[in-house]
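Those sequence lines, one after another, are chains A and B. Residue 219 in our numbering sits at position 219 of the first sequence, and the numbers go up by one each step. Residue 22 in our numbering sits at position 22 of the second sequence, and the numbers go up by one each step. For every residue, glycine included, the Cβ atom is placed at its ideal position computed from N, Cα and C. From a predicted model like this one, the values you see are computed outputs, not experimental measurements. For reference, the structure discussed in these notes is given below.
Number of protein chains: 2
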Amino acid sequence: MNRAGARKIVRLGREQRVADILGAAREVFCEKGYEAAGVAEIAARLGIVEGTIYKYFDTKRDLLLKVLEHWYEEMFGDYERDLAGVAGARPRLRLLVWRHLRTTRDYPLLCRLMFREVRGEQDYRGSDLHAKNRRYTQYLVQVIEEGVAAGEFRGDIPPVLLRDLVYGGIEHHTWNYICGRGGLDIDRIADQITAVVCEGITLQPMAGQIGREAQRLSRIVDRMERNLSRQARPTK
Amino acid sequence: MNRAGARKIVRLGREQRVADILGAAREVFCEKGYEAAGVAEIAARLGIVEGTIYKYFDTKRDLLLKVLEHWYEEMFGDYERDLAGVAGARPRLRLLVWRHLRTTRDYPLLCRLMFREVRGEQDYRGSDLHAKNRRYTQYLVQVIEEGVAAGEFRGDIPPVLLRDLVYGGIEHHTWNYICGRGGLDIDRIADQITAVVCEGITLQPMAGQIGREAQRLSRIVDRMERNLSRQARPTK
DNA sequence: TTGCGTTAGTGAGTATAACTCACTAAATTA
DNA sequence: TAATTTAGTGAGTTATACTCACTAACGCAA
Numbered sequence: 001m002n003r004a005g006a007r008k009i010v011r012l013g014r015e016q017r018v019a020d021i022l023g024a025a026r027e028v029f030c031e032k033g034y035e036a037a038g039v040a041e042i043a044a045r046l047g048i049v050e051g052t053i054y055k056y057f058d059t060k061r062d063l064l065l066k067v068l069e070h071w072y073e074e075m076f077g078d079y080e081r082d083l084a085g086v087a088g089a090r091p092r093l094r095l096l097v098w099r100h101l102r103t104t105r106d107y108p109l110l111c112r113l114m115f116r117e118v119r120g121e122q123d124y125r126g127s128d129l130h131a132k133n134r135r136y137t138q139y140l141v142q143v144i145e146e147g148v149a150a151g152e153f154r155g156d157i158p159p160v161l162l163r164d165l166v167y168g169g170i171e172h173h174t175w176n177y178i179c180g181r182g183g184l185d186i187d188r189i190a191d192q193i194t195a196v197v198c199e200g201i202t203l204q205p206m207a208g209q210i211g212r213e214a215q216r217l218s219r220i221v222d223r224m225e226r227n228l229s230r231q232a233r234p235t236k
Numbered sequence: 001m002n003r004a005g006a007r008k009i010v011r012l013g014r015e016q017r018v019a020d021i022l023g024a025a026r027e028v029f030c031e032k033g034y035e036a037a038g039v040a041e042i043a044a045r046l047g048i049v050e051g052t053i054y055k056y057f058d059t060k061r062d063l064l065l066k067v068l069e070h071w072y073e074e075m076f077g078d079y080e081r082d083l084a085g086v087a088g089a090r091p092r093l094r095l096l097v098w099r100h101l102r103t104t105r106d107y108p109l110l111c112r113l114m115f116r117e118v119r120g121e122q123d124y125r126g127s128d129l130h131a132k133n134r135r136y137t138q139y140l141v142q143v144i145e146e147g148v149a150a151g152e153f154r155g156d157i158p159p160v161l162l163r164d165l166v167y168g169g170i171e172h173h174t175w176n177y178i179c180g181r182g183g184l185d186i187d188r189i190a191d192q193i194t195a196v197v198c199e200g201i202t203l204q205p206m207a208g209q210i211g212r213e214a215q216r217l218s219r220i221v222d223r224m225e226r227n228l229s230r231q232a233r234p235t236k
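Here you go:
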């Protein structure tokens, strides 16, 4: 029996309650991080008790994974559409890099949860969330493979290595921003990463030399041809 | 007072006890991971009780950081010496990539602790361990800067971005191995990463065309010279 | 050898938070 | 209106990091 002044018990449908819990959990996880977030606090924000949450989610961790899955659903959608509008392996690669940076910029707290609390734990491998992440990063692998098939990219670097360099590199490089320190110029960084991956950092003096040599030869040939035609003219 | 059959209390000096605890903690952390490792178990392996460990270390987490600092001390040392024996920006870059891969291959469990439990937590930033890690990754930044100064590398990519691409990429790419799945061909991967960072993945049809044009011009010049000398001979 | 101060080591106890479960009461149906 | 279902409760259990008042081993001086 409720004491005097105790709140009234509100019964919601399963679907609505699950949605509410996911929303409150997302808030609390983002504000305090996974460890510091208490299941009791998530419950308190909805005016319910801890036990109710365990009616719908097996563990606190299960709740975290479901929150992130929900987020992935939100994000996906327009990936195919965006890619379809861009032609050429290099521009398509840059689009993927840029979109990933934009997601990082717009959802740093959720990225933080994903990187710090989820990826790397035993239960991530094989989870639904893992499957969604694979599908996400697979776009880049596909773009690389298309580039190789079209003769634009070399074929001797495994696409999964490039995927790991890009996503691992972005994760490291944006870590300070994700932790709330500093800004993030996603256009500049997307350009730089695309440039490194596509052209590398080596300056190639040879290319310039070959070009200059070709010009030198061209001038010589031109001169010779003029000479020959001058010599040849009198014989006509 | 010890009960009948209870073990005898052994008193060690502070230094020896600290070393023993660090050793046992490293074992247990590696075997079970940070969360699953119990301070009581670490104590049990040394025949002491939990309280004794808290005499020498503030928290379980402090103990973890000290274990990893100890490991860093072991590793450093010969970095300068190895680098000193290699000339040229590209070979030096490859050495750093290769050495990092070798460390990952040789100490996957400690790497796992470093990546999963330490880096990314609040207390890491500004810690002694953080300082050691910075010093470690700084070698790569320095090699890049030397390469730029020597005219071997382009100067428009921030060295820290390259550092993050390399170390973040390696971390992602070796994650399966670190988790005990599959092998790690460090020579092949070092070659591939160095190749991507230095030359990129774009095939440059222009370079081939310039080369072919130069060859064509060379043949023409040769033919012309033969013609000229044939024409010139009779005049002698 | 004996007495004494220092400190390594003890182990019972505390605090916290995830998780459980027997029960209550609100909604729905017969 | 009675019966049934199930959303919600909240006190209790468990596990473990961490504390603290106390004990006993060692070194040193007389």
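- Close to residue 114(A), with beta-carbon spacing below 7 Å, lies no residue of chain B; the smallest spacing is near 11 Å.
- When 28(A), 227(A), 173(A) and 144(A) are compared, the shortest CA-CA separation from residue 202(B) is found for 144(A).
- Contacts between residue 90(B) and chain A, judged by CB atoms closer than 8 Å, involve 202 in chain order.
- For residue 113(B), the enclosing alpha helix (DSSP H) covers residues 108–113.
- Using a Cβ-Cβ cut-off of 7 Å, residue 76(B) does not count as an interface residue toward chain A, since no Cβ of chain A sits closer than that to its own.
- Scanning its chain for C-beta atoms nearer than 8 Å, with the 5 sequence neighbours on each side dropped, one finds around residue 154(A) the residues 148, in chain order.
- Nearest Cα to residue 104(A) within the set 225(A), 194(A), 195(A) and 187(A): 187(A).
- The C-beta of residue 16(A) has fewer than 16 other C-beta atoms within 10 Å across all chains shown, which makes the residue exposed.
- In the DSSP assignment, residue 51(B) falls within the unbroken alpha helix (DSSP H) covering 50–56.
- Per DSSP, residue 59(A) is not a residue of any alpha helix (DSSP H), being assigned neither H nor E.
- In this structure, the beta-carbon distance from residue 63(A) to residue 25(A) falls below 7 Å.
- Assignment of residue 121(B) by DSSP, reduced to helix, strand and coil, places it in the strand class.
- From the listed residues 180(A), 198(A) and 40(A), the smallest Cα separation to residue 111(A) is found for 180(A).
- By the Cβ rule, the stretch 121–134 of chain A counts as touching the stretch 57–72 of chain A, because three or more pairs are nearer than 8 Å.
- Annotated three-state conformation of residue 202(A) is strand, per DSSP.
- Under a criterion of Cβ atoms nearer than 7 Å, the residues of chain B adjacent to residue 154(A) are, in order, 201 and 203.
- For the stretch 180–201 of chain A, the residues whose beta carbon sits under 8 Å from a beta carbon of chain B are, in order, 189, 192, 193, 195, 196, 197, 198, 199, 200 and 201.
- In the three-state scheme derived from DSSP, where H, G and I count as helix and E and B as strand, residue 76(A) is classed as coil.
- Residue environment for residue 59(A): exposed (fewer than 16 other C-beta atoms within 10 angstroms of its C-beta).
- Taking 7 Å as the threshold, the shortest C-beta distance from residue 130(A) to chain B does not fall below it.
- Note on residue 123(B): under 16 other CB atoms within 10 angstroms of its CB, so exposed under the neighbour-count rule.
- Secondary structure note for residue 132(B): its alpha helix (DSSP H) is the uninterrupted segment 128–149.
- By the criterion of a C-beta distance shorter than 8 Å, residue 101(A) is surrounded in its chain by 170, 174, 184, 186, 189 and 190, once the five residues flanking it on both sides are discounted.
- For residue 159(A), the enclosing alpha helix (DSSP H) covers residues 159–173.
- A straight line joining the alpha-carbon of residue 10(A) with that of residue 106(B) spans about 57 Å.
- Shown here for residue 50(B): same chain residues with a beta carbon closer than 8 Å to its own, the five before and five after excluded, namely 39, 40 and 43 in chain order.
- At a cut-off of 7 Å between beta-carbon atoms, residue 100(B) makes no contact with chain A.
- In its chain, beyond the 5 residues on either side, 68 have a beta carbon closer than 7 Å to the beta carbon of residue 114(B).
- Taking the C-beta atoms as reference points, residue 29(A) is found nearer than 7 Å to residue 37(A).
- One alpha carbon belongs to residue 139(B), the other to residue 99(B), and they sit about 12 Å apart.
- The residue among 157(A), 215(A), 136(A) and 223(A) with its C-alpha nearest the C-alpha of residue 76(A) is 136(A).
- Contact with chain B is found for residue 168(A), since one of that chain's Cβ atoms lies less than 7 Å from the residue's Cβ.
- Residues of chain B with a Cβ closer than 7 Å to the Cβ of residue 164(A) are, in chain order, 169, 172 and 173.
- Residue 194(B) sits away from residue 118(B), with the two beta carbons spaced by 7 Å or more.
- Taking a C-beta cut-off of 8 Å against chain A, none of the residues of the stretch 27–41 of chain B qualify.
- For chain A, the residues of the stretch 217–231 of chain B that bring a beta carbon within less than 7 Å of one of its beta carbons are 217, 218, 220, 221 and 224, in chain order.
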